[in-house]
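S.K.:
In the numbering used here, the protein residues as written are 553 to 883.
Written as structure tokens, this is what we have:
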């Protein structure tokens with residue numbers, strides 16, 4: 553088994569903690585013009601970027617058998633938990649719940665379905681571009697870009713026509729960070745040779761500042777297209793900042809603990825939000841930026857963490873539930 557990349561695992565662990573905190577703030581309807589916009593802008597793009605980066609560490613699929621094998625694995629990992637949790641959540645009106653979720657993925661575990669769609673696009677592009685990879689790295693890059701652009705244009709047309717099936721706006725929004733991570737991985741040596749350490753450091757701080765500025769000025773945008781474009785830009789900036797910070801950091805206790813958490817991000821993602829409002833009796837009369845607000849978030853986070861860990865542990869004790877709810881075929 554290949555050795556895991558601690559920096560990537562730590563990055564996943566850090567981002568899933570942001571997701572948990574963000575859900576506590578959002579689901580309890582706290583007014584927060586400062587912290588939550590930052591979390592919202594980076595949390596999911598960072599996950600897509602990591603997925604793209606990991607995809608770039610593997611050899612491209614070169615035949616239909618390889619394609620079928622990898623897509624089958626992705627279907628188990630992403631679609632099994634997506635539909636299982638959809639069934640559990642909508643069991644009392646399954647047909648309506650299923651129909652509504654298929655046209656509005658964020659009613660369910662949208663991240664899993666969107667990531668599966670992007671993976672299908674990605675590996676289909678690799679399959680169709682196999683001759684380009686055989687010629688040269690440049691030809692492979694150009695061929696990949698052309699084929700991927702043609703395939704993904706289907707979702708752009710679908711979005712423009714107003715067809716909501718499988719929420720094409722989510723696919724459009726998260727393709728850029730996925731490809732960003734992929735290109736960073738595949739062309740790592742070329743990027744490092746062109747952009748020296750000093751330039752990378754300058755780019756890091758420039759992206760960090762611009763990320764903060766755009767997040768805190770997000771209410772200035774009203775056009776849907778501009779809002780979508782700015783969301784993509786903020787996601788790319790924030791993802792790069794987090795990626796750079798973790799890839800350049802040395803091994804330490806905090807990083808190792810985050811890396812351990814990062815091994816269970818899919819499990820945490822599927823269960824944690826069910827416990828985000830357990831302390832909310834419906835009459836929160838205090839703001840987030842107060843002592844009571846801080847204590848509420850802290851206590852909720854502790855309860856969410858403990859109950860999620862217990863639920864994850866119980867589910868993983870059975871191979872069937874582990875497979876259906878987490879897409880894992882091993883313990």
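No residue lacks a Cβ here, since even glycine has one placed at the ideal position from N, Cα and C.
Buried or exposed for residue 563, please, with buried defined as at least 16 other CB atoms from any protein chain shown within 10 angstroms of its CB.
M.R.: Your numbering for residue 563 matches position 11 in the chain shown. With 16 or more other Cβ atoms inside 10 Å of its own Cβ, residue 563 counts as buried.
S.K.: Hey, out of 877, 825, 839, 865, whose CA is closest to residue 572's CA?
M.R.: Counted from its first residue, the chain shown places residue 572 at position 20. Relative to residue 572, the option among 877, 825, 839, 865 whose CA is nearest is 825.
S.K.: Check each candidate in 589, 609, 597, 569 and name the one with the smallest Cα separation from residue 556.
M.R.: Here the question's residue 556 lines up with position 4 in the chain shown. If we check each option's Cα against that of residue 556, 609 comes out closest.
S.K.: Tell me which residue opens and which closes the alpha helix (DSSP H) that residue 652 is part of.
M.R.: Here residue 652 refers to the residue found at position 100 of the chain shown. Start and end: 646-655.
S.K.: What did DSSP end up calling residue 802 once you bin it into helix, strand or coil?
M.R.: Your numbering for residue 802 matches position 250 in the chain shown. If DSSP states are grouped into helix, strand and coil, residue 802 belongs with coil.
S.K.: What is the residue span of the alpha helix (DSSP H) that residue 661 lies within?
M.R.: Taking the chain shown and counting its residues from 1, the one referred to as residue 661 is at position 109. Premise fails: residue 661 is in no alpha helix (DSSP H) and is neither H nor E.
S.K.: Any contact between the segment 714-733 and the segment 782-792? By contact I mean 3 or more CB pairs, one from each, below 8 Å.
M.R.: yes
S.K.: Just to confirm my understanding: we take residue 605, look at its own chain, exclude 5 residues before and 5 after, and list those with CB closer than 8 Å. What are they?
M.R.: In the chain shown, counting from the first residue as 1, residue 605 sits at position 53. Excluding residues within five positions, the ones whose Cβ falls inside 8 Å are 560, 733, 734, 736, 737, 795.
S.K.: Could you give the distance in angstroms between the alpha-carbon of residue 808 and the alpha-carbon of residue 817?
M.R.: Locating residue 808 in the chain shown gives position 256, where the first residue counts as 1. Locating residue 817 in the chain shown gives position 265, where the first residue counts as 1. Roughly 15 Å separates the two Cα atoms.
S.K.: Anyone know if the C-beta pair for residue 822 and residue 633 falls short of 7 Å?
M.R.: One-based indexing of the chain shown puts residue 822 at position 270. One-based indexing of the chain shown puts residue 633 at position 81. It is a contact, given that the beta carbons lie within the stated cut-off.
S.K.: So, is the C-beta of residue 650 closer than 7 Å to a C-beta in chain C?
M.R.: Reference to chain C is not applicable here, since this structure consists of a single protein chain.
S.K.: To the nearest angstrom, report how far apart residue 617 and residue 611 are at their CA atoms.
M.R.: Along the chain shown, read from residue 1 onward, the residue named residue 617 stands at position 65. Along the chain shown, read from residue 1 onward, the residue named residue 611 stands at position 59. Going by the C-alpha atoms only, they are around 14 Å apart.
S.K.: When the Cα atoms are used, what is the spatial distance from residue 657 to residue 624?
M.R.: Here the question's residue 657 lines up with position 105 in the chain shown. Here the question's residue 624 lines up with position 72 in the chain shown. Computed Cα separation, rounded: 21 Å.
S.K.: Here's a check: name, in chain order, each residue in its chain whose Cβ is nearer than 6 Å to the Cβ of residue 720, leaving out the five neighbours to either side.
M.R.: Indexing the chain shown from 1 puts residue 720 at position 168. Closer than 6 Å at the Cβ level, and outside the excluded window around residue 720, lie 707, 710, 711.
S.K.: Identify, in the order they occur along the chain, each residue of the same chain with its Cβ nearer than 7 Å to the Cβ of residue 680, setting aside the five sequence neighbours on each side.
M.R.: Within the chain shown, the letter at position 128 stands for residue 680. Within the same chain, 699 come within 7 Å of residue 680 by CB-CB distance, once the 5 residues on both sides are set aside.
S.K.: Considering just the uninterrupted stretch of the alpha helix (DSSP H) at residue 598, what are its terminal residues?
M.R.: Translated into positions along the chain shown, residue 598 becomes position 46. Looking at the DSSP string, the run of the alpha helix (DSSP H) that includes residue 598 is 587-608.
S.K.: Which word fits residue 677, buried or exposed, when buried means at least 16 other C-beta atoms lie within 10 angstroms of its C-beta?
M.R.: Counting from one through the chain shown, the residue named residue 677 turns up at place 125. Looking at its Cβ environment, which holds 16 or more other Cβ atoms inside 10 Å, residue 677 is buried.
S.K.: Over the uninterrupted alpha helix (DSSP H) stretch that includes residue 775, give me the two end residues.
M.R.: By one-based count along the chain shown, residue 775 stands at place 223. Where residue 775 is concerned, there is no enclosing alpha helix (DSSP H), given that its DSSP letter is neither H nor E.
S.K.: Since residue 626 and residue 671 are thought to touch, with beta carbons under 8 Å apart, how far apart are those beta carbons, to the nearest angstrom?
M.R.: Position 74 of the chain shown holds residue 626. Position 119 of the chain shown holds residue 671. About 5 Å separates the two Cβ atoms, so the contact holds.
S.K.: Judging by CA-CA distance, which residue of 579, 602, 644, 692 is the nearest neighbour of residue 667?
M.R.: Stepping through the chain shown from its first residue, residue 667 is reached at position 115. If we check each option's Cα against that of residue 667, 602 comes out closest.
S.K.: Roughly how many whole angstroms lie between the Cα atoms of residue 692 and residue 622?
M.R.: The residue labelled residue 692 in the question sits at position 140 within the chain shown. The residue labelled residue 622 in the question sits at position 70 within the chain shown. Their backbone Cα atoms lie some 20 Å apart in a straight line.
S.K.: Which of helix, strand or coil does DSSP assign to residue 561?
M.R.: Within the chain shown, residue 561 is the residue found at index 9, counting from 1. Residue 561: helix per DSSP, three-state reduction.
S.K.: Would you kindly check if the distance between the Cβ of residue 810 and the Cβ of residue 574 is under 7 Å?
M.R.: Looking up residue 574 in the chain shown gives position 22. Looking up residue 810 in the chain shown gives position 258. No, they are not a contact pair.
S.K.: Please go through the segment 688-762 and give each complete alpha helix (DSSP H) segment of 4 or more residues, from N-terminal end onward.
M.R.: 689-712, 720-738, 740-746, all fully within the segment 688-762.
S.K.: How many Å lie between residue 872 and residue 880 at the Cα?
M.R.: Taking the first residue of the chain shown as 1, we reach residue 872 at position 320. Taking the first residue of the chain shown as 1, we reach residue 880 at position 328. Rounded to the nearest angstrom, the gap between the Cα atoms of residue 872 and residue 880 is 9 Å.
S.K.: Tell whether a beta-carbon distance below 7 Å holds between residue 640 and residue 653.
M.R.: Within the chain shown, residue 640 is the residue found at index 88, counting from 1. Within the chain shown, residue 653 is the residue found at index 101, counting from 1. Result no, Cβ atoms of residue 640 and residue 653 do not sit closer than 7 Å.
S.K.: Quick one: is residue 598 buried, meaning 16 or more other Cβ sit within 10 Å of its Cβ, or exposed?
M.R.: If you number the chain shown from 1, residue 598 lands on position 46. Here residue 598 is buried: its Cβ has 16 or more other Cβ atoms, across all protein chains shown, within 10 Å.
S.K.: Just to confirm, is the Cβ distance from residue 682 to residue 607 under 7 Å?
M.R.: Within the chain shown, the letter at position 130 stands for residue 682. Within the chain shown, the letter at position 55 stands for residue 607. No, they are not a contact pair.
S.K.: I need the straight-line Cα distance from residue 805 to residue 755, nearest angstrom please.
M.R.: Taking the chain shown and counting its residues from 1, one reaches residue 805 at position 253. Taking the chain shown and counting its residues from 1, one reaches residue 755 at position 203. Computed Cα separation, rounded: 27 Å.
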